[in-house]
Amino acid sequence: MKIKHIITSVLLLLFLSSWDSREKTVMDIAGEWTVQLDSTDSGLKNGWQNMSFKQLMKLPGTTDDAGLGVPNKLKPSLEKLQMSHLTRKNSYLGAAWYTREISVPKNWKGKEFILKLERVIWKTNVWIDGNELPAEQNSLIAPHYYDLTKYLTAGKTHRITIRVDNRKLFDISVDNMAHAYTNETQIIWNGIIGKMEIEAFDAVRIANLQVKPEISTGTAKVKVTLNNSAKNTKGILSITAVNKKTKISAATLQKEIQIKTGESIVEADYNMGKDIKLWSEFSPELYELKAELKAGKNNSNVSVDFGMRSFSKKGSVLTINEQPVFLRGTLECNIFPLTGHPPMDKEGWRKVFGTAKDWGLNHLRFHSWCPPQAAFEVADEMGFYLQVELPVWVLKIGEDPKTTDFLYAEAQRMIDEYGNHPSFCMWSMGNELQGDMTVLTKLMNSLRAKDDRHLYTTTSFTFEKGHGDWPEPEDDFFITQWTKKGWVRGQGVFNSESPTFNKDYTASVEGMTVPLVTHEIGQYAVYPKIDEISKYTGVLEPINFKSLKEDLERKGLINKAADYTKASGKLAVILYKEEIERALKTAGISGFQLLDLHDFPGQGTALVGLLDAFWDSKGLISAEEFRQFSAPVVPLLRFSKAAYTNDEFFTAFLDISNYSDSVLKDQEIEWSINDGNTIVASGNTKAAIFIGYNHKILDINESLQKITKATKLTVIVNLKGTNYKNQWNIWIYPQKQNIDYGKVVYTRSLEEAYKLLKAGKKVLLNPDWKKIKGIEGKFVPVFWSPVHFPKQAGTMGVLCNPSHKALADFPTDINTDWQWWDLNVNSTTLITDGIEGGSPIVEMVDNFANNRKLASLFEGSVGSGKLVIASFDLATDLDKRPVTKQMLISILKYMNSESFNPEAIKNPEILKSVLTEQKEKGKEDAKSIY
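Oh and the sequence shown: position 192 is 192 in UniProt numbering, straight run, nothing missing.
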């Protein structure tokens with residue numbers, strides 16, 4: 001053991017000596033530390049501040065990385081505990097002690113020393129050689145800094161000990177769901193991540209540097225915070241700004257200043273010169289502002305990146321550099337499944353922002369947390385507009401003064417650390433906050449007074465009574481899912497209103513005086529992708545996915561898992577498309593925030609993304625296809641419905657949303673309608689597409705008479721010579737066709753069906769859907785998560801085989817599309833688990849919390865008779881319901897054909913329980929899930 005200890009010490013000394021102390025003023029203290037968990041809080045009384053420990057661990061890192069803590073013992077099961085979120089392989093909550101030796105360079109004599117720990121959860125204490133530093137740190141979103149000047153001596157070796165306590169300090173969160181402190185997405189890890197370093201300074205130094213761009217005057221207002229631990233002195237402050245791309249700099253500003261002891265502030269207006277490059281999503285031009293202070297023998301150099309940009313508002317329109325901007329955004333909820341914490345390097349964030357950009361986005365909202373420096377740097381470089389939030393999501397804001405004080409302190413740290421970044425455009429006080437709203441307004445106003453480089457809002461939506469449906473009086477912008485005049489997201493309308501594509505939310509935002517951004521639109525659950533399990537190679541185990549896989553295997557449904565994902569995912573795609581297009585069509589809406597482009601594996605396993613939790617595609621739609629309706633320029637067709645008869649005209653007009661950086665002059669626009677093989681109609685025109693929203697660029701009015709059989713048509717609009725195009729599906733049905741029952745007997749009575757089947761008849765059993773047992777038929781899928789919101793009527797869309805002969809005259813894909821609306825909402829989904837034999841023609845994908853066999857069209861033989869059960873309404877007003885009429889015709893043609901030879905139902909008596917009559921239930925309200 002002694003030999004091992006000597007070798008370890010020698011290796012440590014070699015590691016320390018490899019650091020070149022002659023030229024650097026920063027000592028990287030990353031590497032191997034010794035660690036001891038302190039679950040009983042006995043470390044301090046047992047003198048751990050003076051000890052090293054047996055356990056080695058690499059920092060930066062977490063106890064999860066090191067495999068420390070309580071090992072997971074959960075087994076897969078469809079229980080709430082397993083299905084709530086990903087599971088930590090090793091969990092630890094409490095204090096942990098980390099220690100190592102450091103050698104201070106000899107040439108640091110006379111210097112001052114600052115320790116930086118870039119990100120920690122939640123509280124730290126530091127000892128040098130057993131002597132505790134007086135001030136503990138407790139930030140969740142900014143580095144922890146410690147002044148080590150009185151405790152380190154140049155040329156000597158010291159022991160540094162850090163105690164990290166990740167227990168909850170303040171009431172910032174409902175059920176620990178705020179994403180700065182949660183096990184729902186990131187985990188409540190213990191450790192230190194990001195930069196760990198000690199920097200040496202002269203006694204007189206620049207402590208902070210803030211830059212406010214003024215594009216109207218071509219100046220940068222510079223605020224320099226100085227720290228002087230010596231006597232009063234004077235010095236020369238030099239300021240220079242350099243374009244990071246061109247390397248061209250404006251003239252250096254020099255200023256002679258008086259520097260008093262302690263902290264002081266110097267302000268200066270820096271002239272940026274003539275050829276100023278403005279920062280935006282289209283030209284993310286960055287400048288580096290360098291400040292140098294010389295005061296006698298003291299020298300201090302600090303540089304920060306900034307952009308010359310003005311992110312502002314004009315009435316109800318957001319602007320970037322005086323031009324209208326539309327935010328195409330999604331949320332970033334601290335979802336990093338391999339590490340359980342955010343990337344602290346730029347490479348990790350390039351995956352996030354690069355993917356978001358590839359999918360046509362220009363905006364990210366950080367839900368109830370603030371990302372690290374690397375995220376801002378990448379967003380600056382790529383041209384992303386960020387909304388950042390304080391780490392809070394509570395329903396009783398203002399009740400706890402200590403929590404309020406903590407939020408003020410965190411806000412100041414956010415200004416100091418991240419305020420210069422041009423990507424930091426919007427600031428919300430938190431997510432869905434409730435309580436004393438005046439406390440939030442006061443906090444917001446205090447921040448705006450300190451730092452007006454950003455736009456502010458009191459909260460990202462709220463359910464607080466008397467609030468949330470209209471902006472607070474002093475909001476710069478407003479985030480909501482509804483106003484006092486109506487919904488501004490599809491959750492409230494897509495299931496209750498028949499599909500129409502000429503609507504927007506103009507009536508809901510009438511009179512709005514500030515820009516409105518729609519809150520968390522989408523939340524359409526996609527069935528879990530089982531083969532994703534193998535991607536979880538880090539600190540989190542997908543017990544939720546494994547539980548689902550085992551359940552499907554037990555029920556003999558595992559072979560359907562991929563189809564469940566595809567069918568539910570394709571439905572989510574069409575709903576996200578219409579969500580986005582309605583927002584784009586609405587004057588008075590300045591952007592949308594999806595929840596989410598990628599999966600949220602917490603809060604009940606909310607897999608609402610078209611991408612998985614790793615920002616990888618699920619194969620539901622390509623990035624190129626998604627950009628058709630999520631891009632700076634989007635063609636938007638307005639038309640009245642999805643389903644037509646061939647005696648009608650397809651009437652539509654084209655709008656174009658142009659939030660690019662230029663007018664598209666004399667732009668040629670092409671349109672066509674095709675059936676997949678042949679162009680049915682086409683045309684073109686030329687127009688100037690101005691920045692902003694362009695109404696009625698062209699009209700389409702085409703007869704549908706030439707369509708003689710049920711057909712899906714695709715309408716395509718293309719801006720010639722650009723990458724901008726868009727497309728929509730419509731369905732055409734023959735108007736003059738008769739319903740021929742042939743040898744099929746239609747009945748609504750199960751008892752009558754039994755008699756007919758016994759007589760060897762072909763029977764179409766179509767019970768009254770309003771009176772039978774089952775699940776409410778819905779067009780939209782599960783909202784968010786069936787685990788988090790278990791009371792909702794929870795199916796996930798149609799799954800069918802389009803080549804099944806019963807659907808030969810009913811054009812469909814494997815999934816729900818808009819033509820299914822009438823069938824789905826006028827139905828009850830049957831639970832067919834107990835039926836032995838037979839087979840579904842049209843299944844409904846069940847939610848993954850239940851995984852039942854569901855159907856709305858089912859076939860089977862009973863004795864010498866043959867049966868089709870349809871649980872959607874095939875009887876009412878068929879002349880006014882062309883889709884339903886077509887479904888009936890297609891079913892009857894199949895049943896009258898030689899192809900109708902269904903598998904036998906071995907236990908036909910079970911149909912009595914499947915089709916049990918019950919009291920008619922009302923439709924589920926969109927708000928009832930809350």
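No residue lacks a Cβ here, since even glycine has one placed at the ideal position from N, Cα and C.
Name the two residues that bound the continuous alpha helix (DSSP H) containing K566. Residue mapping note: residue 566 aligns to position 566 of the sequence shown, counting from 1. Per DSSP, K566 belongs to the alpha helix (DSSP H) from A561 to L584.
Compare the C-alpha of I160 against each of M177, N190 and W33 and name the closest. As a position in the sequence shown, residue 160 is number 160, starting the count at 1. It is W33.
Could you tell me the boundaries of the beta strand (DSSP E) in which E859 lies? Taking the first residue of the sequence shown as position 1, residue 859 is located at position 859. Note, E859: beta strand (DSSP E), L854 to V862.
Just the Cα atoms here: how many angstroms apart are H695 and N658? On the sequence shown, position 695 is the one that residue 695 refers to. On the sequence shown, position 658 is the one that residue 658 refers to. Between H695 and N658, the C-alpha separation is close to 11 Å.
Local Cβ density within 10 Å of P342, reported as buried at 16 or more and exposed below that: Residue mapping note: residue 342 aligns to position 342 of the sequence shown, counting from 1. So P342 ends up on the buried side.
With the cut-off set at 8 Å, would you say I479 and T457 are in Cβ contact? As a working note, residue 479 is residue 479 in the sequence shown. As a working note, residue 457 is residue 457 in the sequence shown. Yes.
Just tell me which of E670, R365, H158 and N46 has its CA closest to the CA of Q593. Residue numbering aside, residue 593 sits at position 593 when the sequence shown is read from its first letter. Looking at the Cα atoms, R365 is the closest of the given residues.
Please tell me whether R163 and M344 are closer than 8 Å, where the distance is taken between their beta carbons. By 1-based counting over the sequence shown, the position of residue 163 is 163. By 1-based counting over the sequence shown, the position of residue 344 is 344. No, the Cβ-Cβ distance between R163 and M344 is not below 8 Å.
Taking only the alpha-carbon atoms, compute the straight-line gap between K2 and E101 and give it to the nearest angstrom. Your numbering for residue 2 matches position 2 in the sequence shown. Your numbering for residue 101 matches position 101 in the sequence shown. Confidence in K2 is poor, its pLDDT being 39 and thus under 50, which makes the residue's placement unreliable; the coordinate value appears in the next sentence. One C-alpha to the other measures close to 18 Å.
Quick check: V266 and L289, are their CB atoms within less than 8 Å of each other? Along the sequence shown, one-based indexing puts residue 266 at 266. Along the sequence shown, one-based indexing puts residue 289 at 289. Contact flag unset, no.
On the DSSP letters alone, give me the boundaries of the alpha helix (DSSP H) that M382 sits inside. To locate residue 382, count along the sequence shown from 1; it is residue 382. That run of the alpha helix (DSSP H) goes Q373 to M382.
Grouping DSSP H, G and I as helix and E and B as strand, with all else coil, what is A806? To locate residue 806, count along the sequence shown from 1; it is residue 806. Helix, per DSSP.
Could you give the distance in angstroms between the alpha-carbon of E347 and the alpha-carbon of P372? As a position in the sequence shown, residue 347 is number 347, starting the count at 1. As a position in the sequence shown, residue 372 is number 372, starting the count at 1. Cα to Cα, the separation comes out at about 13 Å.
For A409, count the other beta carbons within 10 Å of its own beta carbon; 16 or more makes it buried, fewer makes it exposed. Which is it? Here residue 409 corresponds to residue number 409 of the sequence shown, with the count starting at 1. Burial call: exposed.
Per DSSP, what kind of secondary structure is M429 in: helix, strand or coil? Stepping through the sequence shown from its first residue, residue 429 is reached at position 429. Three-state result, M429: coil.
Between the alpha carbons of Q819 and V883, how many angstroms are there, rounded? As a position in the sequence shown, residue 819 is number 819, starting the count at 1. As a position in the sequence shown, residue 883 is number 883, starting the count at 1. Distance between the alpha carbons of Q819 and V883: 7 Å.
Buried or exposed for Q137, going by 16 or more other Cβ atoms inside 10 Å? Mapped onto the sequence shown, residue 137 falls at position 137. With 16 or more other Cβ atoms within 10 Å, it is buried.
Are the beta-carbon atoms belonging to Q258 and K234 less than 8 Å from one another? Sequence index remark: in the sequence shown, residue 258 carries index 258 (1-based). Sequence index remark: in the sequence shown, residue 234 carries index 234 (1-based). Going by C-beta atoms, Q258 is nearer than 8 Å to K234.
Are the CB atoms of Y564 and Y524 within a distance shorter than 8 Å? Working through the sequence shown from its first residue, we reach residue 524 at position 524. Working through the sequence shown from its first residue, we reach residue 564 at position 564. No.
By a C-beta neighbour count over all protein chains shown, 10 Å radius and 16 as the cutoff for buried, is V526 buried or exposed? Taking the sequence shown and counting its residues from 1, one reaches residue 526 at position 526. The residue in question, V526, is buried, as its Cβ has 16 or more Cβ neighbours within 10 Å.
Please report the straight-line C-alpha distance between L719 and S839, rounded to a whole angstrom. As a working note, residue 719 is residue 719 in the sequence shown. As a working note, residue 839 is residue 839 in the sequence shown. Distance between the alpha carbons of L719 and S839 is about 46 Å.
In this structure, does DSSP put L81 in helix, strand or coil? Taking the sequence shown and counting its residues from 1, the one referred to as residue 81 is at position 81. Three-state result, L81: helix.
Within 8 Å, do at least three Cβ pairs link the stretch 886 to 894 to the stretch 740 to 756? yes
Could you give the first and the last residue of the continuous beta strand (DSSP E) run that contains W33? Against the sequence shown, residue 33 aligns to sequence position 33. G31 to D38 is the extent of the beta strand (DSSP E) around W33.
Once you ignore the five residues that flank T62 on each side, which residues in its own chain have a CB closer than 6 Å to its CB? Residue 62 sits at position 62 when you count from the first residue of the sequence shown. Hits under 6 Å: W189 and G191.
Please name the residue or residues paired with I889 in a DSSP beta bridge. If you number the sequence shown from 1, residue 889 lands on position 889. The partner list for I889 (beta bridge, DSSP) is empty, contrary to what the question assumes.
In this structure, how does DSSP classify D551 when only helix, strand and coil are distinguished? In the sequence shown, counting from the first residue as 1, residue 551 sits at position 551. D551: helix per DSSP, three-state reduction.
I'd like the span of the beta strand (DSSP E) that includes P213, first residue to last. Taking the sequence shown and counting its residues from 1, one reaches residue 213 at position 213. Here the beta strand (DSSP E) through P213 covers V204 to E214.
Assigned exposure category for K585 - 16 Cβ within 10 Å defines buried: For the purposes of this step, residue 585 is taken as residue 585 along the sequence shown, with counting starting at 1. When all chains shown are included, K585 counts as buried.
In whole angstroms, what separates the C-alpha of G360 from that of Q210? Here residue 360 is taken as the residue at index 360 of the sequence shown, counted from 1. Here residue 210 is taken as the residue at index 210 of the sequence shown, counted from 1. About 32 Å.
Is the Cβ-Cβ distance between Y536 and P528 less than 8 Å? The count along the sequence shown starts at 1 and reaches residue 536 at position 536. The count along the sequence shown starts at 1 and reaches residue 528 at position 528. Cβ distance not < 8 Å, so Y536 and P528 don't count as in contact.
For R167, count the other beta carbons within 10 Å of its own beta carbon; 16 or more makes it buried, fewer makes it exposed. Which is it? By one-based count along the sequence shown, residue 167 stands at place 167. R167 should be labelled exposed.
Tell whether a beta-carbon distance below 8 Å holds between W427 and V388. Residue 427 sits at position 427 when you count from the first residue of the sequence shown. Residue 388 sits at position 388 when you count from the first residue of the sequence shown. Their beta carbons are under 8 Å apart, which means W427 touches V388 by this criterion.
Less than 8 Å between the CB atoms is what I'm expecting for A154 and I239, so what's the real figure, rounded? On the sequence shown, position 154 is the one that residue 154 refers to. On the sequence shown, position 239 is the one that residue 239 refers to. The Cβ separation is near 31 Å, so there is no contact.
Inside the stretch 88 to 155 only - beta strand (DSSP E) runs reaching at least 3 residues: 95 to 103, 112 to 119, 123 to 128 and 144 to 147
Could you pull out every residue in the same chain whose Cβ sits closer than 7 Å to the Cβ of K80, ignoring the five residues on either side in sequence? As a position in the sequence shown, residue 80 is number 80, starting the count at 1. Within the same chain, K80 has close Cβ partners V787.
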